[in-house]
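Colleague:
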Amino acid sequence: MADSASNDAFVEFERVQKSYDGETLVVKDLNLKMPKGEFLTMLGPSGSGKTTCLMMLAGFETATHGDIRLDGVSINNIPPHKRGIGMVFQNYALFPHMTIAENLSFPLEVRKMGKSEREAKIKRALDMVEMGDFGGRRPSQLSGGQQQRVALARALVFEPELVLMDEPLGALDKQLREKMQFEITHLAHSLGITTVYVTHDQTEALTMSDRVAVFDDGRIQQLAPPDQLYEAPINSFVAQFIGENNTLEGTVKEIKNGLALVQLDDGGLIDCSPVHESVKAGARTRVSIRPERVEYNKDRLQEGAHTLKAEVLEFIYMGDIFRTRLRVAGNDEFIIKTRNAPDQVRLKPGETIEIGWLPEDCRALDA
Amino acid sequence: MSDTTDTGPVLAADGTPLKRSLARALRRQKLRALMLIAPLLLFVLLTFILPIVDMLFRSVENQIVSETLPKTVVELRDWDASSGELPGEAVFAALAADMKVAVEEKTHTRLGSRLNYEKTGMSSLFRKSGRKVKRWDLVEDAPFKEKFIDIDKDWGDIEVWRTIQTYSPKLTNGYFLNSVDMQKGVDGAEARPENQQIYITLFGRTLFMSLMITGSCILLAYPVAWILANLPSRTANMLMILVLLPFWTSLLVRTSAWKVMLQQQGVINDVLVWLGLVADDSRLVMINNQFGTIVAMTHILLPFMILPMYSVMQTIAPTYLRAAKSLGATNWTAFWRVYFPQSVPGIGAGSILVFILAIGYYITPEIVGGTKGVFISNRIAYHISSSLNWGLAAALGTILLAVVLILYWAYDKIVGIDNVKLG
Amino acid sequence: MKFTKLTALALSTAICAPAAFAADMADEMTIVSWGGAYSHSQQMAYHEPYMAKTGVKIINDESSNEAVAKLRAMNEAGNVTWDVVDVVAADAMRLCDEGLAMEIDPDTMLAPAPDGTSAADDFGELLVSECFIPQIVYSTTFGYRTDLVGDTPPTSVCDVFDLEGYPGKRALEKRPINNMEWALLCDGVPKAEVYDVLETPEGQERALAKLDTIKDSVIWWSAGADTPQLLADGEVVMGSTYNGRLFSVIEEQDQPVAMLWDAQVFDLDGWIIPAGLSEERKARALDYIMFATDTQRLADQAKYISYGPARKSSAPLVGKHEELGIEMAPHMPTDPENAKNTFLYNYEFWADYRDDIDAKFQAWLAK
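Laid out in structure tokens, this is it:
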């Protein structure tokens, strides 16, 4: 059973727990399977356990309980240097006393590789990240982006099948970060490497990954491809954490035809899709609506759909979109986003409007 | 616009050439900077530079002979020591005249002490002669040759006159020659008799022992600094107090404590005898020798090694070791190829500190060094405070300073001085 | 008329002189000594009575062991801050030679004995230098552990060189003075010829050769407190030091140590007045010296420390120890019972040979 489960998973966490102090669990019951070649991102706020998971996989932390398998083999007792996993660190960790070429040569030397072979591999790896001319320099002579590329090349030069990246782009400016995001995914896919990528930046997670594991409180809250994660969060944490989100709180009045009728705390009624298992008649719930799915043009709303009164508090012109802040059911932070189209109405502060949405865009989640 | 097309110098707003007004503005800035560092500059000048210059000068200064015996020195200039004959009456008459003045000013005994460093017996020769010459009349009592020899037969010794002649120039290399176990002989510099050679041995021993002490400091300090640097800062600060504790105890107390520990009836020997590891009648000799000196000085200088190492190691992120291991290095390889090279600046700074402090130490070697554990500084201290041979002390000090500078230079060439970091 | 005028002038000068003299004396003085028990004895015997009598403030400085170097440095700097300095006779001679100490005329500057004997006669041959006012006679002699020497305690200084009869370590001073003389004595040189032999290079070799026979069993000391401590710890069987130090180990600390007075070397300790003092300070220093070196004061000092007064007239006045209540006379190095075989430090000889023999001695030590 265990064997067959492992066969299709390249990296596997099975019931892994981790505690540093013997009192609290930093990682509680982690189960995860990754097929070969997948780009998986661990996303979560700091302290959610994602980095600990990465470190356990790399071998720098030991699991308190449970099994971590790599290609079907348990690696719990294998020291880090024998795991053959490439790793890119947050601050690159390029050895400052070595040149770039020496940095890349290091993993090859400890593998007792011959000189000519080493040189060929170093050249290939540096060319791959477009740093071919920088072999003789020291890390301190490179810019942050260049160091990032070298760190990547160093993690790949000994051709590992699995590469771990611990917030590798955190120190770069926005423009460079976006460029590197693209390059890293491109490289990972073209080389067919399995990648585990840790970040707290959701944009990064959404744009780069095949799948994203959202961590909170030592557990994976949701493991799904980016579009699912955004459009169909399965609980309010994920809904809140991924993208911008409006929430309203209320009580489920009834569930009918697969729709939940929710009475908000100020009395307003709305239709939602019951997503979370806790959503039952009489239960408290928190509903989530994406700002771009809110409609205030009555013509576009479904016949008979429930609507809410909203007062316009602020209108912000952002070029491609308009961003409007409303007061809805006592919530002053209700945001709607509308495309800047020729026929779009520009709302004015003080105006009172009616807003509504498709029931499937309103997700009733755990309270 | 017109400024740039003009071929003349660029002018500032008020018409003065831009270069000059820039220089004036900078000069004010430089002056202000100078004012800020002036107190320190003055302090360093007075307490450091001037004494060193004075020391350098003393090591060659020798005006006392020509100042005390001005006429004699002139008369003696043409005398040939190798002729085997005593100088003539003219020299003795000049000596009588010079001595008379010197006795009046009480400088003849001082000259005697000075020349006694070069030839034994000069001290009492001048003291004794002074008393007699005082009563002579320069005109009526002439000639003086026989009279001087009557006072002391040493005045009839050619060696005495040769010494005066050799040391009559205002500058001498005699102290430096003495510092390297040589002396001014008849045919220039020659080696001292073997039973008086000591300084080369002491210089060698001082360097050797300082290196040993530096080495043992490195060995002991490295693991401690490593642990301190890798502990949480609260625990590290606690332990740091333990490291610094020796600083707050007086040097003499600590050295004496080592005596109590290491002597033959001391704590360590008692324990070894009690454990049966050492027989009572063959207790280990661990003090009053080189071992004792190395132990006591290593202990005293250890903080100077730990502190720079610690502050350098603190800056080495633990991710480097992780990175190395993730790249396939074993613990040892990761340490040796990644961590250690980055900690070298700390070792360098600590070593330079410890070595230079060790080379000039004298209290501890004096107390626990016995005969084989004393340093050149002990001889310098002796010549400063006991024999009053300050010229020799200055020459020894100058050589020591030169040795330190040469080693520093060598260090810079081999390791590179930018590779020294205090944190 | 002329006569009376002159008489009046002379009279008035005579009357006014003491008053004017007193008014011209400094009311504060710095006295330099060795510290410890020795300074204490001076404080009790000299300083306290003098301060009570004159109201002068005495500042103590414990720098005697480096007095020569410091006085030279002060003299070069042109700022002598000391008024009276306690030094050993050899240092006094050196200071006198260097012109750093003031010459003293014993007949006018020192008090005569109570019976009218002049100070010059009372001090006698102990006035070894023109600048030196002797204070005490001390001796460098041996002490031994009574419990470590078996049934036959040592009686001769040559027992120090007898490793078979008295195995164990010995403490000797780390300088040639005294050691060279003892070595020659025990090598068969008659006492009267010791310095004649020591003048020659062969004699010096001979002394060192004799010392060579015990070199491996010697602990060399440089501070007076070392030997008493080494004896108390049982580190050495016997050792040389100042007799007063041994007195306190034996009588005050009750250690199993006894004196070996044989071939004790007498030395002198006393005062010098630095050259170049201002008139007021010189007058004060001379006034102090006149007071502190009179017959009674020198005898008083022996109540506190077992060193013999330097005046012949003081010897009969030596009484009991102030605290222990024991007779001090038998503990004086000058007591006939102790002084059967003594040696007087030859100042002239060592002034000439010190540099030469010291170089040889140190070279021998370092071998």
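Protein chains in written order, with this note's numbering: chain C, 1 to 367; chain Y, 1001 to 1423; chain X, 2001 to 2367.
Positions of the beta carbon are idealized from the N, C-alpha and C atoms, including for glycine.
Nothing here was measured: the structure is a model prediction, and the numbers come from that model.
(1) Count the CB pairs spanning the segment 251-271 of chain C and the segment 228-240 of chain C that are closer than 8 Å, and state whether there are at least three.
(2) Could you check what DSSP says for X/Glu-2130 in three-state terms: helix, strand or coil?
(3) Counting contacts by CB-CB distance shorter than 9 Å, is X/Glu-2234 in contact with chain Y?
(4) Have a look at the DSSP bridge pairing and note the partners of X/Ala-2101.
(5) Pair every Cβ in the segment 75-89 of chain C with every Cβ in the segment 1316-1325 of chain Y, then say whether three or more of these pairs are closer than 8 Å.
(6) Which same chain residues, not among the five before or five after Y/Met-1261, have their C-beta less than 6 Å away from its C-beta?
(7) Would you report the Cα separation of C/Leu-164 and C/Ile-193, rounded to the nearest angstrom?
(8) Can you give me the start and stop residues for the beta strand (DSSP E) that X/Trp-2220 sits inside?
(9) In chain order, what residues of the segment 2209-2230 of chain X put their CB closer than 9 Å to some CB of chain Y?
(10) Just verifying my parser: in three-state terms, what is the DSSP assignment at Y/Phe-1092?
(11) Would you mind reading off the limits of the alpha helix (DSSP H) that contains X/Tyr-2046?
(12) Between which residues of its own chain and C/Pro-79 is the CB-CB distance below 8 Å, once the five residues before and five after are set aside?
(13) Does any C-beta atom of chain Y lie closer than 9 Å to the C-beta of X/Asp-2097?
(14) Secondary structure at C/Ser-74, three-state DSSP: helix, strand or coil?
(15) Can you check whether the C-beta of Y/Ala-1025 is within less than 9 Å of a C-beta belonging to chain C?
(16) Using a Cβ cut-off of 7 Å, which residues of the segment 1183-1201 of chain Y contact any Cβ in chain X, in chain order?
(17) List the DSSP bridge partners of C/Val-328.
(18) How would you call X/Leu-2231, buried or exposed, if buried means at least 16 neighbouring beta carbons within 10 angstroms?
(19) Could you work out which residues of chain X lie near Y/Tyr-1117, taking near to mean beta carbons separated by less than 8 Å?
(20) Less than 9 Å between the beta carbons of C/Val-328 and C/Asn-246, yes or no?
(21) Out of Y/Met-1313, Y/Trp-1258 and Y/Tyr-1339, state which residue places its alpha-carbon closest to the alpha-carbon of Y/Ala-1323.
(22) Quick one: is the Cβ of Y/Val-1133 within less than 8 Å of any heavy atom of the ligand ADP?
(23) Hey, quick one: how far does the beta strand (DSSP E) through C/Leu-32 stretch, first residue to last?
(24) Check each residue of the segment 1217-1240 of chain Y: if its Cβ is closer than 8 Å to any Cβ of chain A, include it; give the result in chain order.
(25) Could you say which of X/Ala-2223, X/Leu-2163, X/Asp-2226 and X/Leu-2246 lies nearest to X/Lys-2210 if we only look at CA atoms?
(26) Among C/Asp-227, C/Thr-307 and C/Val-11, which residue has its Cα nearest to the Cα of C/Gly-243?
(27) Assuming X/His-2331 and X/Ser-2306 make a contact with CB atoms under 8 Å, what is their CB distance in whole Å?
(28) Which word fits Y/Gln-1029, buried or exposed, when buried means at least 16 other C-beta atoms lie within 10 angstroms of its C-beta?
(29) Within a Cβ cutoff of 6 Å, which residues of the same chain sit near Y/Ala-1296, ignoring the five residues on either side of it in sequence?
(30) Could you tell me which uninterrupted beta strand (DSSP E) segments, each at least 3 residues in length, are contained entirely in the segment 150-197 of chain C, listed from first to last along the chain?
(31) Can you check the segment 1196-1271 of chain Y for any alpha helix (DSSP H) of at least 4 residues that lies completely inside it and give the ranges in chain order?
(32) Kindly indicate which residue of C/Phe-10, C/Asp-29, C/Ser-273 and C/Phe-106 has the alpha-carbon position closest to the one of Y/Ala-1334.
(33) Could you please give the first and the last residue of the uninterrupted alpha helix (DSSP H) stretch that includes Y/Thr-1315?
(34) Can you check whether the C-beta of Y/Met-1122 is within less than 9 Å of a C-beta belonging to chain X?
(35) Apart from the five residues just before and just after X/Glu-2098, which ones in its own chain have a Cβ nearer than 7 Å to its Cβ?
(36) Starting from C/Lys-18, follow its DSSP beta bridges and name the residues at the other end.
Modeller: Walking through what the data contain:
(1) no
(2) coil
(3) In the sequence as presented, Glu is not what sits at residue 2234 of chain X; that position holds Gly. Answer yes: the Cβ-Cβ gap between X/Gly-2234 and chain Y drops below 9 Å somewhere.
(4) X/Ala-2101 is bridged to X/Pro-2274.
(5) yes
(6) Val-1267 and Ile-1268
(7) Looking at the two C-alpha atoms, the distance is approximately 10 Å.
(8) 2218-2221
(9) Lys-2215, Val-2218, Ile-2219, Trp-2220, Ser-2222, Ala-2223, Asp-2226, Gln-2229 and Leu-2230
(10) helix
(11) No alpha helix (DSSP H) holds X/Tyr-2046; DSSP gives it neither H nor E.
(12) Its chain contains Gly-59 as the residues whose beta carbon lies nearer than 8 Å to that of C/Pro-79, once the 5 sequence neighbours on both sides are disregarded; these appear in chain order.
(13) yes
(14) In the structure shown, C/Ser-74 falls within a strand segment according to DSSP collapsed to helix, strand and coil.
(15) no
(16) Taking 7 Å as the Cβ-Cβ cut-off, the segment 1183-1201 of chain Y approaches chain X at Asn-1195, Gln-1196, Gln-1197, Ile-1198 and Thr-1201, given in chain order.
(17) C/Ala-310 and C/Asn-331
(18) Around the beta carbon of X/Leu-2231, a 10 Å sphere encloses 16 or more other beta carbons of the protein chains shown; the residue is thus reported as buried.
(19) Asp-2355
(20) Contact check for C/Val-328 against C/Asn-246 passes: the beta carbons are separated by less than 9 Å.
(21) Y/Tyr-1339
(22) Absence of the ligand ADP is noted for the structure shown, with no ligands found whatsoever.
(23) 27-34
(24) Checking the listed chains, one finds no chain A in this structure; the protein chains it contains are C, Y and X.
(25) X/Leu-2163
(26) C/Asp-227
(27) 4 Å
(28) exposed
(29) Thr-1255, Trp-1258, Thr-1364 and Val-1368
(30) 162-166
(31) 1199-1230, 1233-1244 and 1251-1262
(32) Put simply, of C/Phe-10, C/Asp-29, C/Ser-273 and C/Phe-106 the residue whose alpha carbon is nearest the alpha carbon of Y/Ala-1334 is C/Phe-106.
(33) That residue, Y/Thr-1315, is in no alpha helix (DSSP H); it is neither H nor E in DSSP.
(34) yes
(35) Arg-2072
(36) C/Val-27
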